[in-house]
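Peer 1:
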Amino acid sequence: MKDVVKLFVVATLLINVAFAQVKWTVDPVHTNARFAVKHLGISMVDGQFKTLKGSMETKSPDSFDGASITFEIDVNSMDTRVEARDNHLKSADFFDASNFPKMTLNNAVLKKSNDGNYTLSGHLTIRNVTKPVVFSVVQHGDIITDPWGKTRAGFTAKTSINRFDFDLKYNDMLPTGVPTVAPEVEIVVNTELVKN
């Protein structure tokens, strides 16, 4: 009987080790979330969110395939370099930041594709509206050990969304019928992750 108990304990330990998750944290100093949208049908206006946090869990220390990711962005940290424009974007016409101060990406899973890059599929929530999104993701270089002994990896994720899907409802038009602010928003997230 003791041998059976020992065998059970060893098997349990092996299973726990086999399914142990490696945790990574977004380095906010070396991460940015940027967006760009067409203005008046003739140019692109861009901006960024300066305050964010995120984490990733991988199944092994040297592979990101199947990693799970969460991300949170502070809407009030928006910066388009023009205060009046920032205030308008934070208003109820767009993000309604006073009522919905956070954007989140949850239930996101990173999958390696045939070309060696990745896709990231998850649920994006803006203004309390949640929709599925898919990012194309490129890893920059390999996993490295920095000069201070920390393990790091870097990625760029890109997607585009229709802002009307998330109730960012501002819809002013030029006399020609061209929207002053286009519905499609391009999103680029450059992130550096540190292994915990």
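Numbering (mature numbering (1 follows the signal peptide of the UniProt record, and there is no 0)), first residue to last: -20 to -1, 1 to 176. Think of the CB as a built atom: it goes at the ideal place given N, C-alpha and C, for glycine as much as any other residue.
Given that a residue counts as buried once 16 or more other Cβ atoms are within 10 Å of its Cβ, and exposed if not, what is Val62?
Peer 2: As a position in the sequence shown, residue 62 is number 82, starting the count at 1. Its Cβ having fewer than 16 others within 10 Å, Val62 is exposed.
Peer 1: Please give the ranges of any beta strand (DSSP E) in the segment 53 to 108, keeping only runs that are unbroken, at least 3 residues long and fully inside the region.
Peer 2: Listed in chain order, they are 82 to 92 and 98 to 106.
Peer 1: By the DSSP assignment, the beta strand (DSSP E) with Trp4 in it spans what residues?
Peer 2: The residue labelled residue 4 in the question sits at position 24 within the sequence shown. Residues Val2 to Val6.
Peer 1: On the three-state DSSP scale, how would you describe Gly129?
Peer 2: The residue labelled residue 129 in the question sits at position 149 within the sequence shown. The answer is coil: DSSP assigns Gly129 none of H, G, I, E or B.
Peer 1: Taking the CB atoms as reference points, tell me whether Asn56 and Val169 lie closer together than 9 Å.
Peer 2: As a first step, residue 56 is located in the sequence shown; it is residue number 76 there, counting from the start. As a first step, residue 169 is located in the sequence shown; it is residue number 189 there, counting from the start. No; because the gap between Cβ atoms is not below 9 Å, this pair is not in contact.
Peer 1: When the Cα of Gly129 is compared with those of Thr31, Pro155 and Lys175, which residue comes out closest?
Peer 2: Counting from 1 along the sequence shown, the entry for residue 129 is found at position 149. Ranking Thr31, Pro155 and Lys175 by Cα distance to Gly129 puts Lys175 first.
Peer 1: By the DSSP assignment, the beta strand (DSSP E) with Leu173 in it spans what residues?
Peer 2: Residue numbering aside, residue 173 sits at position 193 when the sequence shown is read from its first letter. From DSSP, the beta strand (DSSP E) with Leu173 extends over Val161 to Lys175.
Peer 1: Verify whether the separation of the beta carbon atoms of Thr160 and Asp7 is less than 9 Å.
Peer 2: Numbered from 1 along the sequence shown, position 180 holds the residue referred to as residue 160. Numbered from 1 along the sequence shown, position 27 holds the residue referred to as residue 7. Contact: no.
Peer 1: I need the straight-line Cα distance from Asp152 to Phe74, nearest angstrom please.
Peer 2: As a position in the sequence shown, residue 152 is number 172, starting the count at 1. As a position in the sequence shown, residue 74 is number 94, starting the count at 1. Their backbone Cα atoms lie some 12 Å apart in a straight line.
Peer 1: Evaluate Ala64 with the Cβ neighbour count: other Cβ atoms within 10 Å of its Cβ, from every protein chain shown; 16 or more gives buried, anything less gives exposed.
Peer 2: Here the question's residue 64 lines up with position 84 in the sequence shown. Burial call: exposed.
Peer 1: Mapping the DSSP letters down to three states, classify Val158 as helix, strand or coil.
Peer 2: One-based indexing of the sequence shown puts residue 158 at position 178. Residue state, collapsed to three classes: coil.
Peer 1: Could you check whether the segment 102 to 118 touches the segment 21 to 41, counting it as contact only if at least three pairs of C-beta atoms, one from each stretch, sit closer than 8 Å?
Peer 2: Taking 8 Å as the limit for Cβ pairs, the verdict is that the segment 21 to 41 does not touch the segment 102 to 118.
Peer 1: Closer than 8 Å by C-beta to Ala162: which residues in its own chain qualify, once you throw out the five before and the five after it? Chain order, please.
Peer 2: Here residue 162 is taken as the residue at index 182 of the sequence shown, counted from 1. Cβ within range, chain order: Val17, Lys18, His19 and Gly21.
Peer 1: Pair every Cβ in the segment 36 to 54 with every Cβ in the segment 76 to 91, then say whether three or more of these pairs are closer than 8 Å.
Peer 2: With the cut-off at 8 Å, the segment 36 to 54 and the segment 76 to 91 touch.
Peer 1: Are Lys82 and Asp59 touching if we call contact CB-CB under 9 Å?
Peer 2: Numbered from its first residue, the sequence shown carries residue 82 at position 102. Numbered from its first residue, the sequence shown carries residue 59 at position 79. Cβ distance not < 9 Å, so Lys82 and Asp59 don't count as in contact.
Peer 1: For Phe44, which of helix, strand or coil comes out of DSSP?
Peer 2: Against the sequence shown, residue 44 aligns to sequence position 64. Coil, per DSSP.
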